[in-house]
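Undergrad: Heads up: the sequence lines are chains A and B, in that order.
Throughout, the numbering used here is defined as the position within the first sequence, counted from one, plus 1217.
Throughout, the numbering used here is defined as the position within the second sequence, counted from one, plus 126.
Submitted below is the structure of interest, expressed as structure tokens.
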Amino acid sequence: MPLEFKLNPSAQRKNTIDFLKAGLYKVSPLGYYGEFGGAFIPEMLYPNVEELAEKYLDIIQDDGFQKEFQSLLHDYVGRPTPLYPAKRLSEKYKAHIYLKREDLNHTGAHKINNTVGQILLAKRLGKTRIIAETGAGQHGVATATVCALMNLPCVVYMGEVDMQRQAPNVARMRMLGAEVRPAMSGSKTLKDATNEAIRDWINNPSDTHYIIGSVVGPYPYPDMVARFQSVISEEMRKQLIEKEGNELPDYVIACVGGGSNAAGSFYHFLNNDEVKLIAVEAAGEGVASGHTAATTVVGKIGIIHGSKTMLMQTEDGQIEEAYSISAGLDYPGVGPLHAHLFKTGRAQYLNATDEEALQAALELTRLEGIIPALESAHALAKLKDIAFKPDDVVVVCLSGRGDKDMETYIKRLEI
Amino acid sequence: MNRINHLFQQKGKDILNIYYTAGFPQLNDTLTILENLQQSGADMVEIGIPFSDSLADGPVIQESNQQALKNGMSLHLLFHQLKDFRNVIHIPVILMGSLNPVLQFGMENFLIACKNTGVDGVILPDLPVSEYENNYRQIFESAGVHCIFLITPETSEERLQKIDDLSTGFIYAVSSSSTTGKEKDIQKQSAYFQRLGNEKLKNPVLVGFGIKDKNTFEAACQYTNGAVIGTAFIKALQAAGDIENNIHQFVNGII
């Protein structure tokens, strides 16, 4: 049944002075979004994280950094990515639907926006070794890519189970010169790969920079990654003026695992209350099935990977395994910005099952000739559930392409 | 007086503090191990609260955590196991673990349970000093339970002074930046222990991470008040043979 969206009272206020509203969603000096965030790290990581927190804003706001970052995004990544008016999709759902084509980035997803930014930052910090975690392998590939570009040694931690599920991306990382180390602990998936990367950083504090792939982890990572990904919504605004004569859409829809493409897609609209922000989590086999990654539905507040946020956990505070058909969404937490947007009602958190995502992927392929990543298909899957008005302008972040998911599509869609 | 303060007042030097994971190797070994450690001459004991995703631990302690969780260990059960332990145990006992299980239990409830059972101190490596100061200091103090902080060779002088000011039991010095159970260069560590010895801190210092035998224990004790052994003891618990014998043999090999 179609949903009507009601914004909560704090989001309905009009005529508020802009800087006051900015305070609602901007990170605090101690790294908090409302009650979420912070840096819950062992003392061994303190000097590294403190150095990053002290320097990251100065570095990324520096003119020289911005010049190098922007020119790499333009010439190497292939930005700006198109804002494509999806004609047949629009006809079907009776609204003006646009796809933000992050799938057309170099390496096939939005992940590279962040890795380009972080590798330039790592160089300015004088770091000579890069580590990263990866789930589906997209962030690992994006990290291995910029390490090859900058000639820095790269170690990527990947759950042993994920290495088997995503063998082509393991091969890509190795071809790019990265060492892929299996994370053998715990459930041997993304959360364990993240644990292993953090442990590596504890053991190699002086020469190593850890490129986190999402808006998760201790402050300043959630804010830093959101800033690097904010290029997505910055471009949306400019492109919407050209196409619709108004830089503000009615809806922005994006999928959420840790939440980096959604954070980037929402970023420049956070203070525009009239823009409805829709985040779509992976319901897996259903939110009540016990096989899900819908953190805002089944999670509670707690600490994961150095951040206070919503996470899936047992009564006893043990972190639970997340499940989704999409290896990029099966993270048992969300970034602290998302926990805050959820709590305040500024964004609405929906979820899509494996089956809905598969059908949405097939539909986009047949209507528009675009094979989306399974992650992005979760966002597309909610078009059917929202009661659009015919004039509504809707932007869906197509965060990645579906090449990596062909095996799953072949098997599950019986192609 | 808190048993930790009493111990440092009475003995002060060569303090042997042993870490083990609650509910490991068997669910109900928690008390047996504690009793045997006391009998064999350990001065203090740290009981680990198992966690699925402990960031600061190397593979040996991680696996002991996983096994304990598989055995059915939880924080509620741990307090149940410790209900009457003060009838037999007189040495200081500390609980160590990641913050999340404690937050789910409720920090206040946790400290009340510590106080009621007779736990003397708590080590939560991922609880930042600033969070403690702003949100939790008062409830620790009113429960009379010490919050013990970690320092490393990279901890700045200014921060060290702040931690010394906030500490009430002892300071836990990690011998070099690493996860638990890493092999370390004892020469380099000695230089750090010496530096700590010259700091004139108001709190006693115990060294941990990388202490595994008589040799490394004595090196740590030369300039500080003692040391903590974890990974090497977990390995001893896993060794073939009778667990009680293994414990006595291990401790006798150190002191």
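We put the CB at the ideal spot given by N, CA and C, even for glycine.
As the structure is a computational prediction, the values presented were derived from the model and not from experiment.
Chain B partners of residue 1530(A), CB-CB under 8 Å?
TA: Neighbours of residue 1530(A) on chain B, chain order: 226 and 230.
Undergrad: Anything in chain B within Cβ reach of residue 1256(A), meaning under 7 Å, just list it in chain order.
TA: 254
Undergrad: Going along chain B in order, which residues have a C-beta closer than 7 Å to the C-beta of residue 1536(A)?
TA: 178 and 179
Undergrad: What residue range is occupied by the uninterrupted beta strand (DSSP E) comprising residue 333(B)?
TA: If you look at residue 333(B), you'll find it in the beta strand (DSSP E) that goes 331–334.
Undergrad: Starting from residue 1618(A), follow its DSSP beta bridges and name the residues at the other end.
TA: 1589(A)
Undergrad: For chain B, is any of its Cβ atoms less than 8 Å away from the one on residue 1302(A)?
TA: no
Undergrad: Out of 148(B), 235(B) and 272(B), point me to the one whose CA is closest to residue 291(B)'s CA.
TA: 272(B)
Undergrad: I'd like the span of the alpha helix (DSSP H) that includes residue 258(B), first residue to last.
TA: That residue, residue 258(B), is in no alpha helix (DSSP H); it is neither H nor E in DSSP.
Undergrad: Between the segment 1368–1378 of chain A and the segment 1297–1307 of chain A, are three or more C-beta pairs nearer than 8 Å?
TA: no
Undergrad: Leaving out five residues on either side along the sequence, give the residues of the same chain with a beta carbon under 8 Å from the beta carbon of residue 1378(A).
TA: 1404, 1405 and 1406
Undergrad: Here's the rule: buried if 16 or more other CB atoms are within 10 angstroms of the residue's CB, otherwise exposed. What is residue 1563(A)?
TA: buried
Undergrad: What residues in its chain sit with their C-beta under 8 Å from that of residue 1419(A), if we drop five residues either side in the sequence?
TA: 1259, 1261 and 1262
Undergrad: Please classify residue 1234(A) as buried or exposed, where buried requires at least 16 neighbouring CB atoms within 10 angstroms.
TA: Its pLDDT being 36, under 50, residue 1234(A) is placed unreliably in this model, and the coordinates cannot settle the point.
Undergrad: Rounding to the nearest angstrom, what Cα-Cα distance links residue 1522(A) and residue 1248(A) in this structure?
TA: Cα to Cα, the separation comes out at about 14 Å.
Undergrad: With a threshold of 8 Å on Cβ separation, who are the neighbours of residue 1459(A) within its own chain once the five nearest residues in sequence on each side are excluded?
TA: Cβ-Cβ distances below 8 Å link residue 1459(A) to nothing in the same chain once the five nearest sequence neighbours on each side are left out.
Undergrad: Have a look at the DSSP bridge pairing and note the partners of residue 1302(A).
TA: 1315(A)
Undergrad: Are any of the Cβ atoms in chain B nearer than 8 Å to that of residue 1260(A)?
TA: yes
Undergrad: Find the nearest neighbour of residue 241(B) within the set 139(B), 265(B), 257(B) and 353(B), judged by alpha-carbon distance.
TA: 265(B)
Undergrad: Please determine if the segment 1285–1295 of chain A and the segment 1450–1465 of chain A are in contact, where contact requires at least 3 C-beta pairs separated by less than 8 Å.
TA: no
Undergrad: Would you be able to state if there are at least three C-beta pairs under 8 Å between the segment 193–210 of chain B and the segment 141–156 of chain B?
TA: yes
Undergrad: Using C-beta distances below 6 Å, list every residue in its chain close to residue 1600(A), excluding the 5 sequence neighbours before and after it, in chain order.
TA: 1310
Undergrad: Taking the C-alpha atoms as reference points, what is the distance between residue 1363(A) and residue 1333(A)?
TA: 6 Å
Undergrad: Starting from the C-beta of residue 221(B), find all residues in its chain whose C-beta is less than 7 Å away, skip the five residues before and the five after it, and write them out in chain order.
TA: 173, 175, 240, 245 and 248
Undergrad: Straight-line CA distance for residue 231(B) to residue 269(B)?
TA: 16 Å
Undergrad: Going by beta-carbon coordinates alone, are residue 181(B) and residue 223(B) separated by less than 8 Å?
TA: no
Undergrad: Who are the Cβ neighbours of residue 131(B) in its own chain at under 6 Å, not counting the five residues just before and after it?
TA: In its own chain, leaving out the 5 sequence neighbours on each side, no residue places its CB closer than 6 Å to the CB of residue 131(B).
Undergrad: Which residues in chain A have a C-beta closer than 7 Å to the C-beta of residue 200(B)? List them in chain order.
TA: Residues of chain A passing the Cβ test: 1533.
Undergrad: Count the other C-beta atoms from every protein chain shown that fall within 10 angstroms of the C-beta of residue 1431(A), then say buried if there are 16 or more, exposed otherwise.
TA: Counting of Cβ neighbours within 10 angstroms places residue 1431(A) among the buried residues, the total reaching 16 or more.
Undergrad: By alpha-carbon positions, which one of 1423(A), 1424(A), 1422(A) and 1401(A) ends up nearest to residue 1413(A)?
TA: 1401(A)
Undergrad: Give me the chain B residues within the contact set of residue 1519(A), using Cβ-Cβ distance strictly less than 7 Å, ordered along the chain.
TA: 226, 229 and 230
Undergrad: Between which two residues does the alpha helix (DSSP H) carrying residue 1390(A) extend?
TA: If you look at residue 1390(A), you'll find it in the alpha helix (DSSP H) that goes 1384–1392.
Undergrad: So residue 1380(A) and residue 1358(A) are in contact, right, with Cβ under 8 Å, and what is the actual spacing, rounded?
TA: Wrong, their Cβ atoms sit about 13 Å apart, outside the cutoff.
Undergrad: Going by other Cβ atoms of all chains shown within 10 Å of its Cβ, with 16 needed for buried, is residue 1385(A) buried or exposed?
TA: Counting C-beta atoms within 10 angstroms of its own C-beta, residue 1385(A) has fewer than 16 neighbours from the protein chains shown and is therefore classed as exposed.
Undergrad: What three-state label does DSSP hand residue 176(B) in the structure shown?
TA: In the structure shown, residue 176(B) adopts coil according to DSSP, grouped into three states.
Undergrad: Which complete beta strand (DSSP E) runs does the segment 341–377 of chain B hold, if anything under 3 residues is left out?
TA: 352–355
Undergrad: Any beta-carbon of chain B closer than 8 Å to the one on residue 1158(A)?
TA: With chain A running from 1218 to 1632 in the structure shown, residue 1158(A) is simply not present.
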